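To start, the structure under review is shown below, and the notes come after it.
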Amino acid sequence: MLFAASILLALWLFQIVFLNRFYETMKIREVTKTGDTLKNEFKDKNFENIILNYSQNKGMNIEVIDEEGYLVYPLNWVEVIMNPRVLDEKGFEEFFENVGPGKKMYRVTLKKFKYLENSSIVYGGYLGKESGKDHYMLIKTNLEPVDSAVDILKNILLIVLGLSFALSVILSYFISKRLSRPLVEMSKTARKLGKGNYEVNFKYGYYTEINDLSKTLNYATNELTKTIEMRKDLIANVSHDLKTPLTVIKSYAEMIRDISGRNEVLRNEHIDIIISESDKLTQLVNDLLDISKIESSLESIKMERVDLIKLSHIVAERFALPEDVITIESKGECTIFADKRRIEQVIYNFISNAVKYTRKDKKIVIKIFEEDDEVIFNCIDNGVGIAKENLDLIWDRFYRIRDNHTRPRVGTGLGLHIVKSILEIHQYKYGVESELNKGSNFYFRAKKYK
1 MLFAASILLA
11 LWLFQIVFLN
21 RFYETMKIRE
31 VTKTGDTLKN
41 EFKDKNFENI
51 ILNYSQNKGM
61 NIEVIDEEGY
71 LVYPLNWVEV
81 IMNPRVLDEK
91 GFEEFFENVG
101 PGKKMYRVTL
111 KKFKYLENSS
121 IVYGGYLGKE
131 SGKDHYMLIK
141 TNLEPVDSAV
151 DILKNILLIV
161 LGLSFALSVI
171 LSYFISKRLS
181 RPLVEMSKTA
191 RKLGKGNYEV
201 NFKYGYYTEI
211 NDLSKTLNYA
221 TNELTKTIEM
231 RKDLIANVSH
241 DLKTPLTVIK
251 SYAEMIRDIS
261 GRNEVLRNEH
271 IDIIISESDK
281 LTQLVNDLLD
291 ISKIESSLES
301 IKMERVDLIK
311 LSHIVAERFA
321 LPEDVITIES
331 KGECTIFADK
341 RRIEQVIYNF
351 ISNAVKYTRK
361 DKKIVIKIFE
371 EDDEVIFNCI
381 DNGVGIAKEN
391 LDLIWDRFYR
401 IRDNHTRPRV
411 GTGLGLHIVK
421 SILEIHQYKY
431 GVESELNKGS
441 NFYFRAKKYK
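Each residue of the sequence shown is one higher than the one before, counting from 1 in the UniProt record's numbering.
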């Protein structure tokens, strides 16, 4: 609406207020252009005919006079006999002041003649010498009255103004209705979301930008809902995993106090259980801190050249198992660019899981090889395997606790989630292939170091 008003105001100024000035400027340019053109034709033998043509076509009065003010042409037969003087010295000075050889080439003035109703534009220009005399050209053109045109334009602009205003009001109403209503609804929905209602849905509007905003807000709502659910699960699972060892510690401490205090063998057994439960609590806290550091980027990764084969041998030796339990097969140099400490953590977790879930006849094979520009790491076991519907769940926090709600003998249920976080920070592809009662293959693929 403001834009339309600005356009109409500009039209009013240019076509009403400044119309006379524009018209005068236009006529002055036209006369000046005509004078310049004729000046170049002065030496033409048909110059008089050229002047007559311009006079008729342009509606101008064009005369050529000499330095004394006598009319040179156009002349009719009477004027040829009478040799009229059209300008006296005063008139000549008025139209040709400072115009002539060594001076200005022309001069344009606005003159009100007594015998004409409207003012005229007068062009006085120097042509050159002919027959020993300086010749000048006088061009006169009337300024037509524009008052009637201004009145017509005023009426037209008033009508246009009224129609534009009405149209602007109607368009503004419909646009604001289509634009503001979805935004108001979004604002209300956002307030509901702020009060804890995570089942809200941001509705789409009539415009692409509003639809994009709705999609973004709905996505943010879904992610927030997932985060809230994960937080609830985390609190429940951490509470469960903290509460159980604390209960055991308290129970055995009371047993030492009340029952086994003087029985050294029984007391030591109870103390060992307390120490074991304390170690589990420490491991849980350390794993939670590790996840927090990785996912919040509090600890930056330190990238370096890593020999994956050598690192795998170092990690495997830490388990102190017979040589035939863990075997490492490799092909190629298998060096990658990674955070050595974090990748060591990944390998340890993979082997640790394989050790925990294999049968008595443990067989764990580590395969490391190059394929095109990648290095592929596989940790294969002959363990209990994983059900197909649970393959995606094993990377979540406390998967084992959520899965059966029984207390595991070892581990915190956070190892594979830590692995997932580390590999995603490195932007490595990873996954697991598994079948129940046949075993599992945990793997990741990294870019080869060049």
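The C-beta atom is built at its ideal place from N, Cα and C for all residues, glycine as well. These numbers come from a predicted model, not from an experiment.
Using 8 Å as the threshold, is the C-beta distance between residue i and residue j below it?
{"i": "residue 197", "j": "residue 204", "result": "no"}
{"i": "residue 51", "j": "residue 62", "result": "yes"}
{"i": "residue 105", "j": "residue 123", "result": "no"}
{"i": "residue 301", "j": "residue 274", "result": "no"}
{"i": "residue 374", "j": "residue 332", "result": "no"}
{"i": "residue 422", "j": "residue 294", "result": "yes"}
{"i": "residue 133", "j": "residue 67", "result": "yes"}
{"i": "residue 308", "j": "residue 336", "result": "yes"}
{"i": "residue 287", "j": "residue 414", "result": "yes"}
{"i": "residue 109", "j": "residue 31", "result": "no"}
{"i": "residue 305", "j": "residue 449", "result": "yes"}
Which whole-angstrom value is the C-beta distance of residue i and residue j, which I expect to be below 8 Å?
{"i": "residue 451", "j": "residue 315", "result": "With the chain represented from 1 up to 450, any question about residue 451 goes unanswered, as that position is not in the structure."}
{"i": "residue 439", "j": "residue 383", "result": "5 Å"}
{"i": "residue 270", "j": "residue 338", "result": "About 44 Å separates the two Cβ atoms, so there is no contact after all."}
{"i": "residue 420", "j": "residue 395", "result": "4 Å"}
{"i": "residue 289", "j": "residue 245", "result": "In fact, because the Cβ distance is near 17 Å, the residues do not count as touching under 8 Å."}
{"i": "residue 319", "j": "residue 285", "result": "With 8 Å as the limit, residue 319 and residue 285 do not qualify as a contact, their Cβ atoms being about 23 Å apart."}
I need the straight-line Cα distance from residue i to residue j, nearest angstrom please.
{"i": "residue 443", "j": "residue 428", "result": "10 Å"}
{"i": "residue 447", "j": "residue 214", "result": "38 Å"}
{"i": "residue 223", "j": "residue 267", "result": "51 Å"}
{"i": "residue 311", "j": "residue 441", "result": "19 Å"}
{"i": "residue 84", "j": "residue 95", "result": "18 Å"}
{"i": "residue 27", "j": "residue 139", "result": "12 Å"}
{"i": "residue 402", "j": "residue 392", "result": "Caution is warranted here: a pLDDT of 44 is assigned to residue 402, below 50, making its placement in the model unreliable, and the coordinate value is therefore given only provisionally. Each residue's alpha carbon lies about 13 Å from the other."}
{"i": "residue 37", "j": "residue 155", "result": "40 Å"}
{"i": "residue 199", "j": "residue 367", "result": "47 Å"}
{"i": "residue 107", "j": "residue 97", "result": "8 Å"}
{"i": "residue 71", "j": "residue 92", "result": "12 Å"}
{"i": "residue 381", "j": "residue 254", "result": "42 Å"}
{"i": "residue 183", "j": "residue 177", "result": "10 Å"}
{"i": "residue 121", "j": "residue 25", "result": "10 Å"}
{"i": "residue 195", "j": "residue 209", "result": "26 Å"}
{"i": "residue 185", "j": "residue 171", "result": "21 Å"}
{"i": "residue 48", "j": "residue 42", "result": "9 Å"}
{"i": "residue 179", "j": "residue 228", "result": "32 Å"}
{"i": "residue 243", "j": "residue 397", "result": "17 Å"}
{"i": "residue 258", "j": "residue 358", "result": "40 Å"}
{"i": "residue 330", "j": "residue 232", "result": "44 Å"}
{"i": "residue 187", "j": "residue 181", "result": "10 Å"}
{"i": "residue 405", "j": "residue 189", "result": "Its pLDDT being 39, under 50, residue 405 is placed unreliably in this model, and the coordinates cannot settle the point."}
{"i": "residue 157", "j": "residue 163", "result": "10 Å"}
{"i": "residue 131", "j": "residue 101", "result": "16 Å"}
{"i": "residue 342", "j": "residue 372", "result": "24 Å"}
{"i": "residue 160", "j": "residue 103", "result": "51 Å"}
{"i": "residue 457", "j": "residue 202", "result": "Within the shown structure, residues of the chain are numbered from 1 to 450, placing residue 457 beyond reach of any answer."}
{"i": "residue 216", "j": "residue 173", "result": "27 Å"}
{"i": "residue 283", "j": "residue 317", "result": "21 Å"}
{"i": "residue 40", "j": "residue 22", "result": "28 Å"}
{"i": "residue 409", "j": "residue 279", "result": "In this prediction, residue 409 scores a pLDDT of 46, lower than 50, which makes its location untrustworthy; no coordinate-derived value is stated."}
{"i": "residue 175", "j": "residue 226", "result": "36 Å"}
{"i": "residue 165", "j": "residue 55", "result": "47 Å"}
Hey, out of the options, whose CA is closest to residue i's CA?
{"i": "residue 344", "options": "330, 377, 57, 358", "result": "377"}
{"i": "residue 34", "options": "21, 20, 393, 60", "result": "60"}
{"i": "residue 321", "options": "143, 278, 202, 351", "result": "351"}
{"i": "residue 46", "options": "231, 369, 73", "result": "73"}
{"i": "residue 445", "options": "388, 356, 435, 346", "result": "346"}
{"i": "residue 89", "options": "111, 318, 286, 69", "result": "69"}
{"i": "residue 365", "options": "372, 355, 39, 379", "result": "379"}
{"i": "residue 385", "options": "137, 394, 434", "result": "434"}
{"i": "residue 313", "options": "243, 256, 348, 58", "result": "348"}
{"i": "residue 136", "options": "189, 86, 206", "result": "86"}
{"i": "residue 118", "options": "158, 188, 144, 243", "result": "144"}
{"i": "residue 193", "options": "173, 181, 218", "result": "218"}
{"i": "residue 387", "options": "342, 437, 418", "result": "437"}
{"i": "residue 353", "options": "174, 103, 416, 247", "result": "416"}
{"i": "residue 277", "options": "256, 225, 247", "result": "247"}
Is there at least one non-hydrogen atom of the ligand COA closer than 7 Å to the beta-carbon of residue i?
{"i": "residue 89", "result": "Among the components modelled here there is no ligand, and therefore nothing to report on the ligand COA."}
State yes or no: is the beta carbon of residue i nearer than 8 Å to at least one beta carbon in chain B?
{"i": "residue 196", "result": "Protein chains in the displayed structure number just one, and chain B is not present."}
Any alpha helix (DSSP H) of 4 or more consecutive residues that is wholly inside the segment 321-365: Those alpha helix (DSSP H) runs which fall completely within the segment 321-365 and span 4+ residues are 340-357.
Length-filtered (4 minimum) alpha helix (DSSP H) runs lying within the segment 16-62: 19-40, 47-58
In chain order, what are the residue ranges of uninterrupted beta strand (DSSP E) at least 3 long that sit wholly in the segment 114-184? 120-130, 133-142
Can you list, in chain order, the stretches of the alpha helix (DSSP H) that have 4 or more residues and sit fully within the segment 271-317? 308-317
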